[in-house]
Structure formats: C-alpha cells, structure tokens
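Peer 1: So the sequence shown is numbered by our numbering: it starts at -9 and just counts up by one. What follows is a single structure, and I will ask about it in a moment.
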Amino acid sequence: MNKQNLSAINANNIEKQVSLPSATSATDSDKKLEILKNINLTVNCGESIAIVGASGSGKSTLLGILAGLDLPTKGEMFFYGQPFHQLDEEQRAGVRRKDVGFIFQQFLLVPSLTALENVMLPAELSDDAEMRASAKSEAERWLQKVGLDHRLTHFPNQLSGGEQQRVAIARAFITKPKLLFADEPSANLDSDNGKLVENLLFELNQTAETTLILVTHNPELAKRCQRTVSLIGGTLVEETAPDKDPSDELADGTLDLDISEAIANAF
Ligand SMILES: Nc1ncnc2c1ncn2[C@@H]1O[C@H](COP(=O)(O)OP(=O)(O)OP(=O)(O)O)[C@@H](O)[C@H]1O
Ligand SMILES: [Mg+2]
-9 MNKQNLSAIN ANNIEKQVSL PSATSATDSD KKLEILKNIN LTVNCGESIA
41 IVGASGSGKS TLLGILAGLD LPTKGEMFFY GQPFHQLDEE QRAGVRRKDV
91 GFIFQQFLLV PSLTALENVM LPAELSDDAE MRASAKSEAE RWLQKVGLDH
141 RLTHFPNQLS GGEQQRVAIA RAFITKPKLL FADEPSANLD SDNGKLVENL
191 LFELNQTAET TLILVTHNPE LAKRCQRTVS LIGGTLVEET APDKDPSDEL
241 ADGTLDLDIS EAIANAF
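Here's what the structure looks like:
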C-alpha cells in the first residue's frame, strides 16, 4: 500500500492561480492572481484539523480544492488514495456524493426547497438505497439535533442567517460523510448555537470517525482540533506535528506557543 492510501487527503505542491478579468491573454502572467503557493498537506483518516489565516489568505480556496469542488492549477490531490486531479467532474461528483460533506461559508441552500427538503437532498441523491429510504426521518432527526424541528417547512428566505447555517450543517451531516469540510461553521451563530454545532462536529468526528477539516477565525474552535495549519498570503506556513497528543495542549487550557503565535499573527 502506498503512502497516499493511508491518508484521507494528500495534497502535493498545490498551486492555484486565477486570471483576473483585465487579463488580455491566458499567458499574461502579470494579470494572474496567485492564490495558493506550493501547498503540501497530509490529513490522516479520522483526524480533525483547523485551517486558520487572515481574510483573503486562501482558506476557502484551499478547502474547495481539498474537497474536490475545485481543481488546482498545478499539483496533485489524492483523496483516500484516489488521484482527484486525474478524475473528470462527473467522477469527482460521484466521490463527493458518497464521501464528502461540505458546510459552505455562504450556506448555499436551495432556495426553492424547504429546510427539510434541503437536508434530505444529499441522502435522496445517494447510491445507497437504505439511505434514500430513510432520508426523511434522518433529515428530521438532524434538524432536531440542530434545534430546528419547528422550522421543517420553512424556505431559506424565511430563516435567519444562523438558522440557514444550521440547516446547512444538518445537510452536511445526513450522509455521515467520511470527510467533512466546514468553512467557518459557527461564524453566524450566537454562542449557544455555536457551541451546539461545534459539539456536533466533534461528536461526528469521534463517533463516526469522520475526518474533519474546518476553516475558522475562532482560536477556541481551532484549539479543539488535533492540529492547526495556518495560511499566510496563500502559503501554508505553520503546521503542528500531526502525531502530537492534543491533550498535552488542552490539559492546562493553553496552546502551544508556536500555534498561538501563528493564530495571533493570522488576524
Ligand atoms: N475566482 C476568483 N477570481 C479572482 N480572485 C479570487 C477568486 N477566488 C478567490 N479569489 C481571491 O483569492 C483570495 C483568497 O480568497 P479566499 O476566498 O480563499 O480567502 P479566505 O481566506 O477564505 O477569506 P475569508 O476569511 O474572507 O473567507 C482573495 O483575495 C480573493 O479575492
Ligand atoms: Mg473564506
């Protein structure tokens, strides 16, 4: 078995550039924006990892590439040993449907579907007949867990930002994905609902061994993850040892100096 097969995610030398609208030709390198530079990241199965960094540093772009929603300009992305960079969109969509949950920064709920229907959707699209059959009851269960059982028939535009975020979280959980990506999952929530959602994320990480990769501006949330990586201007500049026991840091409620410095520098 090669090294890639042992990891949930293995990203090698990832770069991401986009052409700016003013670019006159695709070869005009002056008009290209370099968002991610030479990113190397390995995430082990069942691990929880926080990606921190200032606004605009490339966190959401990196998350999209790690989840196979976007392709890097250069580099290799292995997903449980599968070379994502060599799959076409349909093949990547198949992997995402089966194994990936994503909580988007902008929620991305379907406006014409109710909260219940939005949460049911990934289960209804599953190849697993059992999951399709239990879509409604599971969606009700997850909406209850995020405290929204009284909002089942509401459409996204009838829900507050925090309520929409909780629907998006229930939608990401319903298929019990192998890998869960969350882009600032508690950013729009009050502290009680934020804690509730964070607890659910780590509950899934621990009980279903879901690998958790989250982007956050919240140092407390980052601290709950086993590992923190920091993006500064598109470069991954900080990575704590993957095999370090996180309880070492949490025991006295303080962070390792290097991590706390990285987090402080990132804001
Ligand atoms: N398609 C695009 N075209 C042009 N620029 C882009 C595109 N996508 C991202 N960018 C730019 O790349 C940089 C990184 O964007 P990204 O959304 O990944 O940042 P972020 O770290 O998630 O920020 P935030 O914390 O504000 O969510 C930003 O400067 C953004 O404007
Ligand atoms: Mg972002």
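Ideal Cβ positions, reconstructed from N, Cα and C, are used throughout, including at glycine. Owing to the predicted nature of the structure, the values given are computational and were not obtained by experimental measurement.
Alpha carbon to alpha carbon, what distance is there between residue 148 and residue 198?
Peer 2: Stepping through the sequence shown from its first residue, residue 198 is reached at position 208. Stepping through the sequence shown from its first residue, residue 148 is reached at position 158. When rounded, the distance between both Cα atoms is 32 angstroms.
Peer 1: Is the separation between the beta-carbon of residue 117 and that of residue 88 shorter than 8 angstroms?
Peer 2: The sequence position of residue 117 within the sequence shown is 127, counting from 1. The sequence position of residue 88 within the sequence shown is 98, counting from 1. Residue 88 is positioned such that its CB atom lies closer than 8 angstroms to that of residue 117.
Peer 1: List the whole-angstrom C-beta distance separating residue 34 from residue 2, where the pair is believed to meet the contact cut-off of C-beta under 8 angstroms.
Peer 2: Looking up residue 34 in the sequence shown gives position 44. Looking up residue 2 in the sequence shown gives position 12. The Cβ separation is near 16 angstroms, so there is no contact.
Peer 1: Mind checking who residue 9 pairs with in its DSSP beta bridge?
Peer 2: Taking the first residue of the sequence shown as position 1, residue 9 is located at position 19. Beta-bridge pairing links residue 9 to 22.
Peer 1: Report yes if the C-beta of residue 155 is less than 7 angstroms from at least one heavy atom of ligand 2; otherwise report no.
Peer 2: Working through the sequence shown from its first residue, we reach residue 155 at position 165. Residue 155 Cβ: outside cutoff for every heavy atom of ligand 2.
Peer 1: Mind checking whether the beta-carbon of residue 49 lies closer than 7 angstroms to any heavy atom of ligand 2?
Peer 2: Locating residue 49 in the sequence shown gives position 59, where the first residue counts as 1. Under cutoff, so the answer is yes.
Peer 1: Taking the straight line between their C-alpha atoms, what separation do you get for residue 165 and residue 150?
Peer 2: As a first step, residue 165 must be located in the sequence shown, where it is residue number 175. As a first step, residue 150 must be located in the sequence shown, where it is residue number 160. Distance between the alpha carbons of residue 165 and residue 150: 24 angstroms.
Peer 1: Does the stretch 123 to 130 come close enough to the stretch 75 to 83 that 3 or more CB-CB pairs lie under 8 angstroms?
Peer 2: no
Peer 1: Cα separation between residue -4 and residue 68?
Peer 2: One-based indexing of the sequence shown puts residue -4 at position 6. One-based indexing of the sequence shown puts residue 68 at position 78. Their backbone Cα atoms lie some 11 angstroms apart in a straight line.
Peer 1: Should residue 156 and residue 108 be called a contact, given that it needs their Cβ atoms to be closer than 8 angstroms?
Peer 2: Residue mapping note: residue 156 aligns to position 166 of the sequence shown, counting from 1. Residue mapping note: residue 108 aligns to position 118 of the sequence shown, counting from 1. No, the pair does not count as a contact, with Cβ atoms beyond the cut-off.
Peer 1: Rounded to whole angstroms, what's the CA-CA distance from residue 200 to residue 24? Just pull it up for me.
Peer 2: The residue you call residue 200 lines up with position 210 of the sequence shown. The residue you call residue 24 lines up with position 34 of the sequence shown. Those two C-alpha atoms are separated by around 31 angstroms.
Peer 1: Does the separation of the CB atoms of residue 203 and residue 39 fall below 8 angstroms?
Peer 2: Along the sequence shown, read from residue 1 onward, the residue named residue 203 stands at position 213. Along the sequence shown, read from residue 1 onward, the residue named residue 39 stands at position 49. Going by beta carbons, residue 203 and residue 39 fall inside the 8 angstroms limit.
Peer 1: When you compare the CB positions of residue 55 and residue 21, do they come within less than 8 angstroms of one another, or not?
Peer 2: Reading the sequence shown from its first residue, position 65 is the one you call residue 55. Reading the sequence shown from its first residue, position 31 is the one you call residue 21. If you check the CB distance, residue 55 and residue 21 do not come in under 8 angstroms.
Peer 1: Which residues does DSSP list as the beta-bridge partners of residue 203?
Peer 2: Position 213 of the sequence shown holds residue 203. Note: residue 203 sits in a beta bridge opposite 39 and 171.
Peer 1: Do residue 220 and residue 42 have their CB atoms nearer than 8 angstroms?
Peer 2: Working through the sequence shown from its first residue, we reach residue 220 at position 230. Working through the sequence shown from its first residue, we reach residue 42 at position 52. In this structure, residue 220 places its C-beta atom within 8 angstroms of the C-beta atom of residue 42.
Peer 1: Suppose you measure from the CA of residue 236 to the CA of residue 218; what does that come to, to the nearest Å?
Peer 2: Taking the sequence shown and counting its residues from 1, the one referred to as residue 236 is at position 246. Taking the sequence shown and counting its residues from 1, the one referred to as residue 218 is at position 228. With a pLDDT of only 43 at residue 236, under 50, the local geometry of the prediction cannot be trusted, and the value read off the model is given with reservation. Cα to Cα, residue 236 sits roughly 11 angstroms from residue 218.
Peer 1: My understanding is that residue 163 touches residue 190, with C-beta atoms under 8 angstroms, so please give their C-beta distance in whole angstroms.
Peer 2: Mapped onto the sequence shown, residue 163 falls at position 173. Mapped onto the sequence shown, residue 190 falls at position 200. Rounded to the nearest angstrom, the Cβ distance from residue 163 to residue 190 is 7 angstroms, consistent with a contact under 8 angstroms.
Peer 1: Please identify the residue among 144, 99, 214 and -1 whose C-alpha is closest to the C-alpha of residue 264.
Peer 2: Here the chain has residues from -9 to 257 only, and residue 264 is not among them.
Peer 1: Just list the beta strand (DSSP E) runs in the stretch 49 to 105, keeping only unbroken ones of 3 residues or longer that don't cross its boundaries, in chain order.
Peer 2: 64 to 69 and 90 to 93
Peer 1: With a CB to CB cut of under 8 angstroms and the five nearest residues on each side skipped, what residues in its chain are close to residue 113?
Peer 2: On the sequence shown, residue 113 is found 123 positions in, with the first residue counted as 1. The answer, listed in chain order, is 121, 122, 124, 125, 128, 129, 164 and 165.
Peer 1: Would the beta-carbon of residue 8 be found less than 7 angstroms away from any heavy atom of ligand 1?
Peer 2: Along the sequence shown, one-based indexing puts residue 8 at 18. Because some heavy atom of ligand 1 lies under 7 angstroms away, the Cβ of residue 8 counts as near it: yes.
Peer 1: Whose CA, out of 70, 71, 46 and 76, lies closest to the CA of residue 62?
Peer 2: As a working note, residue 62 is residue 72 in the sequence shown. The candidate whose alpha carbon is nearest that of residue 62 is 76.
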